[in-house]
Structures are given as structure tokens and as C-alpha cells.
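Have a look at the structure below, then the notes.
In UniProt numbering, the protein residues as written are 1 to 446.
Shown next, in the form of C-alpha cells:
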């Protein structure tokens with residue numbers, strides 16, 4: 001049984017690695033590709049598409065647990081993988097209506113995919129293996145930021161314009177990778193196969209099977225209603241209201257490092273022929289920052305040498321340094337130009353080294369905020385962790401969607417200023433919640 005569970009976790013991680021190798025790379029280059037379609041009838045915006053995805057994802061998180069409970073996590077993940085593949089396929093022969101339609105569909109698929117992933121991971125773990133399995137899964141997932149972006153670099157390096165053939169080759173390759181990830185979910189094995197075989201031997205009829213699914217659906221709806229009420233109750237607490245500022249900031253910077261910053265680098269005229277290839281390298285370096293941060297802060301927390309507030313403060317400082325360097329190094333009009341290159345001149349002569357350093361800092365800082373938000377929510381709502389995490393993903397996704405929508409209209413300078421204000425406010429609120437938790441723990445001791 002233990003071997004089957006470990007096998008399932010590895011296959012789960014490989015499936016997500018492949019799907020998000022395709023999707024993360026797609027999101028990173030999306031706006032750059034869309035700008036290359038200006039001479040066609042295509043009128044879509046990569047920023048708007050990503051905004052729709054995160055907006056739909058945030059609201060569908062409420063319904064996803066019910067769907068997973070009815071049709072099961074394995075089939076849910078397979079179906080979601082098909083939806084992800086459909087979105088990537090649109091870029092091979094792009095049209096505006098299919099682009100936005102699949103943006104809505106993949107938002108639904110993302111909510112189902114992540115809910116099913118959590119359910120399946122818990123189902124294949126116990127108290128002694130949950131930390132190991134979670135770490136194994138996330139290690140495989142984070143590698144998705146490396147491989148796809150490496151392919152972008154080698155394929156686009158030295159190209160100033162993205163031709164139709166370049167686009168078709170790129171997204172055909174990404175589609176194949178996504179399809180392979182989707183098919184890998186079919187290789188997952190059921191942990192309770194023996195129990196199911198026993199039930200069949202006892203002679204379950206088709207009617208009883210239908211009744212079982214009906215009861216499962218009824219139970220899922222009842223649980224969904226109960227969980228929704230719990231979410232509303234938790235949302236009103238002082239802890240979540242304060243942490244919502246930090247959650248909102250995590251959404252803003254998520255949109256920036258995952259879709260906006262790569263576009264800015266690709267639009268920087270001074271980088272010349274290397275600009276498009278640097279989008280891929282930037283994505284790799286962001287992923288490296290995420291991996292280093294996740295491993296580092298896991299050790300820090302394990303040894304209890306630093307408080308959560310220290311890690312969050314470090315994240316704020318790291319991000320503010322990155323924002324200041326980006327302000328000096330990248331043209332202010334780079335996220336909003338309709339042509340492929342910027343027209344404004346930054347304060348410094350644009351440097352590839354500084355641009356990539358900022359990519360690493362963005363990934364490192366993001367890992368600071370996300371690991372500590374999960375940590376403090378797990379502590380504050382130990383008995384209600386699922387609804388608390390659902391609120392986190394909801395707020396994060398809503399603000400990521402909002403940021404993607406305004407990113408195509410607001411100069412880089414103002415986008416950075418918004419993140420500095422929200423980052424400082426979110427960090428301050430996080431400190432207040434941490435102090436509240438410590439005071440509560442001290443009072444319980446006495």
C-alpha cells in the first residue's frame with residue numbers, strides 16, 4: 001500500500017510538472033506573442049486573458065470541492081488537464097473569441113485541478129508521510145518554471161520579431177508537453193482497490209452503484225454549504241481581515257513576476273536581439289529564487305531560528321530592492337507598448353545582469369510571503385485550515401486578476417508604486433497578526 005501511495009505522489013508531481021511547464025511558459029510569453037499578432041484580425045490581450053483566468057479561478061474555488069467529491073479526483077485532474085491543453089492549443093491558430101472563451105474555461109479547470117490535487121495528495125498520505133509527500137510534490141512542481149522557460153530561451157534567443165512559424169512551433173511543443181502531463185493522470189492507481197474488489201464480490205448491482213453516486217453528490221452539496229458558511233464566518237475574523245492586505249499583495253506580485261515582468265524585459269529596446277530570449281531566462285531565474293527560498297525558509301522554520309515576521313520582513317526588503325532596481329533599469333512604458341519595443345529611456349542603461357538579479361529577488365521574495373502566509377493560517381486556523389486556505393486563494397486570485405487587467409494600461413512606475421504601498425501595508429498587518437497570535441498563546445499558558 002505504501003509503495004502505491006509513493007508511486008501516486010510521484011506520478012502526480014510529474015503530471016503537474018509537465019502541465020505547468022507548458023502553462024507557466026505560456027503565461028510568461030503570452031503578452032509578447034499577442035503583440036506579435038497586431039497585423040492580424042486578432043484583438044485579444046494577454047493581460048486580460050490572465051486576468052480572466054485568475055478571476056474565474058477565484059470564484060470557482062467555492063464549487064470545485066463539490067465536483068471533485070462527485071466525479072473523483074483522478075478524473076477531475078484528467079478533465080482539467082484537457083482544458084489546460086485546449087487553452088495552449090488556441091495560440092497555434094489564434095482567434096479572439098476562442099482565446100477569451102478558453103480563458104474562462106481554464107479558470108474553471110484550474111479550480112478543479114488544485115482542489116483535486118489537494119484531495120488526492122491527502123488521500124495518498126498519512127501523518128508520517130504528509131510532509132515528505134508535500135515536499136516531493138512541490139519540488140517537482142517548482143521545476144516547471146525551469147524547463148519550459150529554458151526552451152523559450154533557446155528557441156527565441158536572437159530573434160527581434162516572433163513570426164507565425166516561431167509561434168506555431170513553440171505552442172505545438174507546449175501542447176505536446178501539456179497533453180503528456182494530462183495522460184499521466186491516467187496512470188494513477190486507486191489506493192482502495194481491494195475494498196472496491198470486495199464490494200464487487202458482494203454483488204453490488206447497477207442500481208446500488210447509482211444510489212452510491214447520488215448519495216455522494218447529496219453529501220458533497222451539504223458539505224459545500226457547510227464549508228461556505230464556515231468561510232463567511234472566518235472571513236469576518238480580525239485575523240483574516242488584517243491578513244487580507246498581505247494576501248492581496250501576494251496576488252499583485254504574483255501577476256507581476258508571472259506575466260508582466262517577462263513582457264517588460266522582452267520589450268526593452270536596449271537588450272536588442274537577446275530581449276525575447278531573456279524572457280525565458282528571466283522565468284528560469286524567478287523559479288530558481290522560488291526553489292531557493294522554499295528550501296531555505298523550510299530549514300529556517302524547522303530550526304526555529306527566525307520568526308515568521310523576520311522572513312516576511314526579509315521578503316518585503318528583497319521585493320523593495322527589486323522594485324527600485326526595476327524602476328531604474330527597465331523603461332516605464334515597457335508593459336504598455338503596442339509595438340514590440342519600448343520608446344522611453346530608463347534612468348540607467350538597461351543591464352541584463354540587473355534585470356536577472358531582479359528576477360531572482362522577485363522569486364525569493366514571493367516564497368517569503370507565501371510560505372509564511374500558509375504557516376500563520378495553519379497556526380491560527382488549525383481546525384479550519386481548508387476554509388482559511390480557500391479565502392487566501394480567493395483574495396490572492398482576485399487581486400492577481402485586477403493587476404493583470406490594469407497592467408496593460410498603467411506605466412511600470414505606477415505599478416511598482418502600487419506594489420510598494422500594498423507590500424508595506426501587508427507586512428505591517430502580518431506583524432500585527434503575529435503579535436496577536438503570540439499574545440493568545442501566552443495567555444493560554446497562564
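Cβ coordinates follow ideal geometry from the N, Cα and C atoms, glycine included.
Got a sec: does the ligand SAM put a non-hydrogen atom nearer than 7 Å to the Cβ of residue i?
i, result
"residue 166", "The ligand SAM is not among the ligands present in this structure, which contains no ligands whatsoever."
Would you kindly report the start and end of the unbroken alpha helix (DSSP H) that includes residue i?
i, result
"residue 514", "Given a span of 1 to 446 for the chain in the structure shown, any question on residue 514 remains unanswerable."
"residue 384", "Taken as a continuous stretch (DSSP letters only), residue 384 belongs to no alpha helix (DSSP H), as it is neither H nor E."
"residue 119", "96 to 123"
"residue 176", "164 to 184"
"residue 152", "144 to 156"
"residue 56", "46 to 60"
Determine the contact status of residue i and residue j, defining contact as a CB-CB distance below 8 Å.
i, j, result
"residue 458", "residue 188", "Lying before the first or after the last residue shown, residue 458 is absent from the chain, which here runs from 1 to 446."
"residue 44", "residue 153", "no"
"residue 390", "residue 61", "yes"
"residue 53", "residue 103", "yes"
"residue 376", "residue 308", "yes"
"residue 42", "residue 95", "yes"
"residue 244", "residue 403", "no"
"residue 230", "residue 384", "yes"
"residue 283", "residue 275", "no"
"residue 407", "residue 335", "yes"
"residue 260", "residue 360", "no"
"residue 34", "residue 46", "yes"
"residue 268", "residue 350", "yes"
"residue 147", "residue 77", "no"
"residue 36", "residue 169", "no"
"residue 420", "residue 323", "yes"
"residue 25", "residue 99", "no"
"residue 51", "residue 388", "no"
"residue 182", "residue 71", "no"
"residue 73", "residue 116", "yes"
"residue 58", "residue 392", "no"
Since I believe residue j is in contact with residue i (beta carbons under 8 Å), could you give me their beta-carbon distance rounded to a whole number of angstroms?
i, j, result
"residue 429", "residue 264", "28 Å between Cβ atoms; not a contact."
"residue 30", "residue 145", "The Cβ separation is near 15 Å, so there is no contact."
"residue 333", "residue 411", "6 Å"
"residue 17", "residue 141", "6 Å"
"residue 346", "residue 328", "6 Å"
"residue 368", "residue 423", "About 11 Å; that fails the 8 Å criterion."
"residue 191", "residue 5", "6 Å"
"residue 357", "residue 314", "In fact, because the Cβ distance is near 16 Å, the residues do not count as touching under 8 Å."
"residue 381", "residue 234", "7 Å"
"residue 277", "residue 149", "The pair is not a contact, with the Cβ atoms about 10 Å apart (cut-off 8 Å)."
"residue 271", "residue 352", "7 Å"
"residue 297", "residue 312", "About 10 Å; that fails the 8 Å criterion."
Step through the CB atoms of chain C and report whether any lies within less than 8 Å of the CB of residue i.
i, result
"residue 254", "Absence of chain C from the displayed structure is noted, only one protein chain being present."
* In chain order, each alpha helix (DSSP H) run of at least 4 residues that lies wholly inside the segment 244 to 330 -> 261 to 266, 275 to 303, 308 to 329
* Asked: Counting pairs of beta carbons, one from the segment 65 to 79 and one from the segment 88 to 106, are three or more of them closer than 8 Å?
  -> no
* Asked: Is the segment 240 to 258 touching the segment 7 to 20, taking contact as three or more C-beta pairs under 8 Å?
  -> no
* Does the pairing of the segment 352 to 365 with the segment 308 to 324 give three or more beta-carbon distances under 8 Å? -> yes
* To do: Kindly provide the ranges of any alpha helix (DSSP H) runs that are 4 or more residues long and lie completely inside the segment 382 to 442, ordered along the chain.
  => 385 to 407
* Contact between the segment 74 to 85 and the segment 96 to 115 (3+ Cβ pairs under 8 Å) -> yes
* Validate contact between the segment 248 to 258 and the segment 421 to 441 using beta carbons, cut 8 Å, 3 pairs -> yes
* Any chance you could list the alpha helix (DSSP H) runs of at least 4 consecutive residues sitting entirely within the segment 7 to 40, in chain order? => none
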